[in-house]
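A.B. asks: Residue numbers (the working numbering): 17 to 180.
Backbone N, C-alpha and C define an ideal beta-carbon position, used for all residues, glycine too.
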């Protein structure tokens, strides 16, 4: 058994056991356990913080998605309103154009009627002048003296009254 103590490995094993016993005596295992517990608590706190941040991020994401949906809805209603306004404006513009064309047509018809009336009046006036001239020539060749002058004057006045 004396040989057993002469081996180097034996002394290494004895030194190792004494070293571990010394560490146990001064409480290194408690410090190691406390350090590991502290690290586990720190990791758990980080996990809790990460979970909390994840929940907050999910809430913020949900809020932004809700706001985006509301904005899209508002944009769609604005576009629909703009389309309705454009359609209404087109109808109003068409009505205004139709009213303008009708007014211009009416004005043209009035001008045409006035031109026709003026032409008819001009024709009547020309006919009256021709009739007066003809009556004057006839009466001047057939009637003589004061009677002729009076007949001519009366005839001319009658023709003017009737034709104008």
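For residue 71 and residue 57, what's the separation of their Cα atoms in angstroms?
C.D. replies: Taking the straight line from one Cα to the other gives about 21 Å.
A.B. asks: Taking DSSP as the reference, what is the three-state secondary structure of residue 88?
C.D. replies: Three-state DSSP puts residue 88 in a helix.
A.B. asks: In the DSSP assignment, the alpha helix (DSSP H) including residue 24 goes from what residue to what residue?
C.D. replies: Counting along the chain, the alpha helix (DSSP H) containing residue 24 begins and ends at 24-42.
A.B. asks: Assuming residue 26 contacts residue 20 (C-beta within less than 8 Å), just tell me the rounded distance between them.
C.D. replies: 6 Å between Cβ atoms; contact.
A.B. asks: Look at the alpha carbon of residue 49 and the alpha carbon of residue 74, and state the distance between them as a whole number of angstroms.
C.D. replies: Cα to Cα, residue 49 sits roughly 37 Å from residue 74.
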